[in-house]
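According to full-length UniProt numbering, the sequence shown holds residues 1 to 587 in order. Here is the structure we will look at, set down as structure tokens.
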Amino acid sequence: MSATPTGFINYPSPRAHDIPYQAPPPGKNPVIKGLVLHYLSYVVTSVPLLPSILWSNAGFNSLRTRTELNHVEARYDPTVIPVSKTDDEAPASYTSASCLRGALTDATGRFYTVADFHNAYKSGKLTPSEVVEALLPLIRRDIENRSVHSTAFVDTKVEHVRRAAEASTKRWREGKPLGVLDGVPFAIKDEMDFEGYKRYCGTSHDYTEGRETASSWCAAKIAEEGAVFMGKLSMHELGLDTTNNNITWGTPLNPYNDQYYCGGSSGGVAYAVATGLVPFAIGSDGGGSVRIPSNFCGLYGLKPSHGRVSTAPLIQSANTTVVQGPLASNMADLEVSYRVLAQPDPSHPVSRQFPPPRLLSTPRNKTIGMCKPWFDRAEPAVQDACHAALQYLTSELGYQVVDINLPLLYEGQLAHAMTILSEAVTVQPSTTGLSPANKVLLKVAAQTPARDFVLAQRLRNLIMQHLAHLFQTHPGLIIVTPTTPTVGWPIGEGELAYGMSDGNRQVRTMEYVWLANFTGVPCLQFPVGYAEGVQGKGKVPVGMMGHGEWGSEDALIEFGFDGESYVQKGLKNGRLRPEGWVDVLNI
Numbered sequence: 001m002s003a004t005p006t007g008f009i010n011y012p013s014p015r016a017h018d019i020p021y022q023a024p025p026p027g028k029n030p031v032i033k034g035l036v037l038h039y040l041s042y043v044v045t046s047v048p049l050l051p052s053i054l055w056s057n058a059g060f061n062s063l064r065t066r067t068e069l070n071h072v073e074a075r076y077d078p079t080v081i082p083v084s085k086t087d088d089e090a091p092a093s094y095t096s097a098s099c100l101r102g103a104l105t106d107a108t109g110r111f112y113t114v115a116d117f118h119n120a121y122k123s124g125k126l127t128p129s130e131v132v133e134a135l136l137p138l139i140r141r142d143i144e145n146r147s148v149h150s151t152a153f154v155d156t157k158v159e160h161v162r163r164a165a166e167a168s169t170k171r172w173r174e175g176k177p178l179g180v181l182d183g184v185p186f187a188i189k190d191e192m193d194f195e196g197y198k199r200y201c202g203t204s205h206d207y208t209e210g211r212e213t214a215s216s217w218c219a220a221k222i223a224e225e226g227a228v229f230m231g232k233l234s235m236h237e238l239g240l241d242t243t244n245n246n247i248t249w250g251t252p253l254n255p256y257n258d259q260y261y262c263g264g265s266s267g268g269v270a271y272a273v274a275t276g277l278v279p280f281a282i283g284s285d286g287g288g289s290v291r292i293p294s295n296f297c298g299l300y301g302l303k304p305s306h307g308r309v310s311t312a313p314l315i316q317s318a319n320t321t322v323v324q325g326p327l328a329s330n331m332a333d334l335e336v337s338y339r340v341l342a343q344p345d346p347s348h349p350v351s352r353q354f355p356p357p358r359l360l361s362t363p364r365n366k367t368i369g370m371c372k373p374w375f376d377r378a379e380p381a382v383q384d385a386c387h388a389a390l391q392y393l394t395s396e397l398g399y400q401v402v403d404i405n406l407p408l409l410y411e412g413q414l415a416h417a418m419t420i421l422s423e424a425v426t427v428q429p430s431t432t433g434l435s436p437a438n439k440v441l442l443k444v445a446a447q448t449p450a451r452d453f454v455l456a457q458r459l460r461n462l463i464m465q466h467l468a469h470l471f472q473t474h475p476g477l478i479i480v481t482p483t484t485p486t487v488g489w490p491i492g493e494g495e496l497a498y499g500m501s502d503g504n505r506q507v508r509t510m511e512y513v514w515l516a517n518f519t520g521v522p523c524l525q526f527p528v529g530y531a532e533g534v535q536g537k538g539k540v541p542v543g544m545m546g547h548g549e550w551g552s553e554d555a556l557i558e559f560g561f562d563g564e565s566y567v568q569k570g571l572k573n574g575r576l577r578p579e580g581w582v583d584v585l586n587i
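Below, the structure written as structure tokens:
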């Protein structure tokens with residue numbers, strides 16, 4: 001066993017666990033939808049022993065057979081904190097024009113960026129007030145002739161929006177903008193707070209209980225830079241699935257193919273960015289909920305290291321998987337929004353221990369790790385798109401690929417699921433008023449015995465030890481996988497009206513994303529191509545992810561820029577924009 005490296009707090013003891021890869025068995029979860037699901041939810045919540053049977057049927061008791069866990073200590077918190085160096089002082093501004101890297105102006109399928117808004121305001125071509133007046137009719141759900149885009153927005157306080165835009169317009173008129181984000185529209189996922197707004201978390205229940213709420217750290221820091229908050233965005237109810245199907249608030253359809261889901265649980269966030277309504281927005285990620293919708297909607301999404309971005313005022317001390325992070329139409333906007341969000345929060349017990357984000361990245365190794373049997377579990381179209389991107393990265397940009405092994409991946413996914421669901425049950429013990437799918441899910445989740453929960457945390461430590469070994473063996477290693485093994489998620493008949501429960505497809509969709517949440521490492525997703533869908537009109541985006549060592553967001557951002565270079569220069573036919581993309585700057 002290697003010594004714990006210096007430069008970190010709570011770094012796992014590096015240790016290789018050479019356990020041969022085993023493919024997961026076929027899923028045995030029943031697939032229920034429509035009215036049958038409605039009635040089944042009453043049966044599951046009222047018939048004794050049935051939830052326990054469903055729990056065992058899902059394979060959650062399989063950790064009991066893994067003797068490798070017998071002498072591993074449980075680890076309940078995946079937070080690993082890089083130690084601040086003397087030169088890690090916060091810069092005067094993260095949003096000065098000199099900090100913003102511009103996107104290629106002649107790239108195919110180009111989306112508007114923060115720089116485009118900034119330049120439009122600086123030149124006097126547009127004002128922030130003119131931009132929001134163009135957007136408001138598209139996103140409001142409180143008007144008679146609602147736009148299709150309004151389904152993605154839970155609420156927009158019109159007067160609040162106008163006041164913020166007027167204040168920004170005044171600053172621009174006086175030549176005193178706060179930075180590149182001043183006047184740029186943005187939005188946040190419904191589970192975060194914003195002053196004056198209710199928080200529903202995708203349900204019909206107001207979790208603010210009528211209380212005055214302060215804005216979450218993420219929303220407040222972006223707004224402090226002068227960005228204009230456009231409203232709350234829809235999400236999968238309680239964030240407990242990967243489609244963004246929501247029978248209470250409505251389900252925004254994938255902008256690239258309206259017979260597909262946007263992905264969850266930050267589906268409204270991805271929709272708003274992919275359609276061009278905002279250049280970036282803030283989501284959360286407990287089991288891929290930033291990266292899956294970014295993948296399905298052709299965007300860039302970052303899941304930061306656990307604890308780096310403050311979740312205040314919701315400290316979430318009992319939550320060991322969920323983080324908050326940005327989704328953006330391009331890497332420059334992802335970078336600037338991340339750096340604003342990741343400033344240490346003095347009120348947050350973990351965030352305040354992280355060093356401030358850098359503006360310039362240090363030299364890095366370009367080493368990609370691939371667990372080939374796991375990678376090869378993806379559908380052929382997904383593998384083809386990812387391998388084409390990897391070929392560009394190696395041949396044009398100097399990356400090297402090394403074969404790696406990752407232990408107990410099937411069991412690890414089950415352990416992550418047990419953990420996130422057990423933590424969800426502790427904060428949502430009642431299923432009253434929830435959708436039928438979540439009534440079933442939470443009732444089953446509540447059956448997890450302490451013995452199995454502890455085994456899951458032992459497995460968390462085992463995988464973190466192995467990752468530490470890999471990162472120490474290959475400095476700068478980025479572990480690459482497809483973002484999802486499938487090409488999107490097609491919408492089934494009757495699902496939008498009644499919801500659905502498809503645990504097999506949910507597990508399949510999350511086959512790669514869970515690793516970053518369970519172990520706390522940062523992970524970045526970027527698009528690498530498009531594939532034909534099985535239904536509807538329009539190709540469906542395909543994405544790839546890079547997992548870095550704890551605290552290595554700067555290196556991952558550079559990896560993301562290299563991935564963007566492939567999309568702009570190496571991808572045949574370049575990037576595609578959705579057919580319904582909104583030309584906000586020329587409405």
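No residue lacks a Cβ here, since even glycine has one placed at the ideal position from N, Cα and C. Quantities reported herein were computed from a predicted structural model and do not represent experimental measurements.
The three-state secondary structure of Tyr271, taken from DSSP, is helix. In this structure, Leu100 and Val336 form a Cβ contact; the two beta carbons are roughly 6 Å apart against a cut-off of 8 Å.
Take the alpha-carbon of Pro363 and the one of Asp554: they are about 10 Å apart. Rounded to the nearest whole angstrom, the C-alpha separation of Tyr530 and Val290 is 19 Å.
A contact is defined here as three or more CB-CB pairs under 8 Å, and the stretch 392-408 fails this definition with respect to the stretch 482-495.
Counting only residues of its own chain and dropping the five nearest sequence neighbours on each side, Arg377 has a CB closer than 6 Å to the CB of Pro485. The three-state reading of DSSP puts Pro527 in strand, counting E and B together. Beta bridge pairing from DSSP links Ala164 with no other residue. Shown here, Ala446 sits in coil according to DSSP, grouped into three states, outside any helix or strand. Residue environment: Thr151 is assigned as buried (16 or more neighbouring CB atoms within 10 Å of its CB, all protein chains considered). Put simply, the backbone Cα of Glu511 is about 18 Å away from that of Ile19. For Gly546, the enclosing beta strand (DSSP E) begins and ends at 540-547. Close CB contacts of Ala385 within its chain, under the 6 Å cut and outside five residues either way in sequence, are with Val528, Gly529, Val542 (chain order). Here Lys366 has Gly398, Tyr399 as same chain residues with Cβ atoms under 6 Å from its own Cβ, once five neighbours each way along the sequence are excluded. Relative to Pro12, the option among Val44, Val31, Pro24, Glu73 whose CA is nearest is Glu73.
Shortest Cα-Cα distance from Leu50 to any of Gly536, Arg505, Lys443, Val540 involves Lys443.
Sequence-distant partners of Ser435 (beyond 5 residues in either direction) whose C-beta falls short of 6 Å from its own C-beta, in its chain, are Glu237, Ile247, Gly499. With fewer than 16 other Cβ atoms from the protein chains shown falling within 10 Å of its own Cβ, Asp403 counts as exposed. DSSP, read as helix, strand or coil, puts Ala227 in coil. Collapsing the DSSP output to three states places Lys85 in coil. Burial state of Gly59 is buried, judged by a 10 Å Cβ sphere holding 16 or more other Cβ atoms. Secondary structure at Thr67: helix, using DSSP grouped into helix, strand and coil. Per DSSP, Asp384 lies in no beta strand (DSSP E); the unbroken alpha helix (DSSP H) holding it starts and ends at 380-397. Between Gly546 and Val480, the C-beta gap is smaller than 8 Å, which places the two residues in contact.
Taking the CA atoms as reference points, Gly286 sits about 43 Å from Glu174. By the CB criterion at 8 Å, Ala134 and Pro578 fall outside the cutoff. Ranked by how close their Cα comes to the Cα of Val148, the residues Pro24, Arg575, Pro255, Val114 have Pro255 in first place. Contact between Gly124 and Leu178 is ruled out by a C-beta separation of about 18 Å, above the 8 Å threshold.
For Ala312, the number of other beta carbons within 10 angstroms of its own is at least 16, and it is reported as buried. Between the alpha carbons of Ser565 and Ile557 lies a distance of about 12 Å. DSSP places Val402 in the uninterrupted beta strand (DSSP E) bounded by 400-403. Rounded to whole angstroms, Phe229 and Val440 show a C-alpha spacing of 35 Å. Note that the C-beta distance between Gly433 and Ser204 is below 8 Å.
Residue environment analysis places Leu360 among the exposed positions, since fewer than 16 neighbouring C-beta atoms fall within 10 angstroms of its C-beta. CA-CA distance, Thr213 to Tyr197, rounds to 8 Å.
Boundaries of the alpha helix (DSSP H) harbouring Ala332: 331-341, taken from the DSSP string.
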